[in-house]
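Participant: Dumping the structure here so I can ask a few things about it.
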């Protein structure tokens, strides 16, 4: 059975890469034509994103790179900025 969850339930959710690295926290969902287009993920203290970005506040992760959403969000390593 498909488990449904309101988008508001994802606010501040911890985001990890599929290789297990802590990436950041969900700041908001970006909608386009009533569908989720992507996720704004903020660089939290001690996150992989904070180390990679330096002074930037976060990134937008396209929804197709999200692998799973439950208690945490798991994203593809392809979403990691190089």
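Residue numbers (the numbering used here): 2 to 83. Don't be surprised by glycine CBs; every beta carbon is placed ideally from N, CA and C.
1. Which term fits residue 47, buried or exposed, when burial requires 16 or more other beta carbons within 10 angstroms of its beta carbon?
2. Just tell me which of 35, 70 and 62 has its CA closest to the CA of residue 81.
3. In this structure, what does DSSP give as the bridge partners for residue 17?
4. Would you decide whether residue 35 is buried or exposed? Buried here means 16 or more other CB atoms lie within 10 Å of its CB.
5. Comparing C-alpha positions only, which one of 66, 41, 5 and 11 sits nearest to residue 58?
6. Answer with buried or exposed for residue 16, where buried requires no fewer than 16 other C-beta atoms within 10 angstroms of its C-beta.
7. Which word fits residue 60, buried or exposed, when buried means at least 16 other C-beta atoms lie within 10 angstroms of its C-beta?
8. For residue 51, which option in 5, 23 and 10 has the closest C-alpha, if you only look at C-alpha atoms?
Facilitator: In this structure, then:
1. Classification of residue 47: exposed, given that the 10 Å Cβ count is below 16.
2. Checking every option, the nearest Cα to that of residue 81 belongs to 62.
3. Looking at the DSSP assignment, residue 17 forms a beta bridge with 23 and 75.
4. Residue environment analysis places residue 35 among the exposed positions, since fewer than 16 neighbouring C-beta atoms fall within 10 angstroms of its C-beta.
5. Checking every option, the nearest Cα to that of residue 58 belongs to 41.
6. Under this definition residue 16 is a buried residue.
7. Classification for residue 60: buried.
8. It is 23 whose Cα lies nearest to the Cα of residue 51.
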